[in-house]
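Everything on this sheet refers to the single structure shown next.
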Amino acid sequence: MKRFFQKIWLAFLLAPAFLFGAKGGNVMSNLVDGFNDQVTEAGSGIASGINTFATVMGVLWIIIMLLMAFFNVEAIKNHAKSLIGALIIIGIVYGLSAAAM
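For what it's worth, the working numbering labels the leading residue of the sequence shown as 12, then goes sequentially.
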């Protein structure tokens, strides 16, 4: 029975080398590197989704503004500052999400 527990203890002590692939290095550094890679991939995926959303909203906004200018020029003149501000905000979101990808 004692020999059995010794084998289990030995397996427990050697498990990190086999489970995490230490390759002669530090197990924790391999875990940290893997975690950092996963976080980078997740952040890039989220930035890609935000970039796509900003692109779609920007195109729709431009189409709506062109239709509004075609049918009602006075409305464009009355709300010019807010319309340009919205375009600037969409451009900033697109630029930041493109830089994060």
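Cβ coordinates follow ideal geometry from the N, Cα and C atoms, glycine included. On a predicted model such as this, the values are computed, not experimentally measured, just so you know.
- In the same chain as residue 111, and ignoring 5 residues on each side of it, the C-beta atoms closer than 6 Å to its own belong to 58, in chain order.
- Buried is the label assigned to residue 101, since at least 16 other Cβ atoms lie within 10 Å of its Cβ.
- If the five residues before and after residue 54 are omitted, its C-beta is found closer than 8 Å to the C-beta atoms of 111, all from its own chain and listed in chain order.
- By the Cβ criterion, the region 87 to 106 is in contact with the region 60 to 76, since at least three pairs of Cβ atoms, one from each stretch, lie closer than 8 Å.
- The three-state secondary structure of residue 89, taken from DSSP, is helix.
- Fully contained in the region 60 to 105 are the following alpha helix (DSSP H) runs of length 4 or more, in chain order: 84 to 89.
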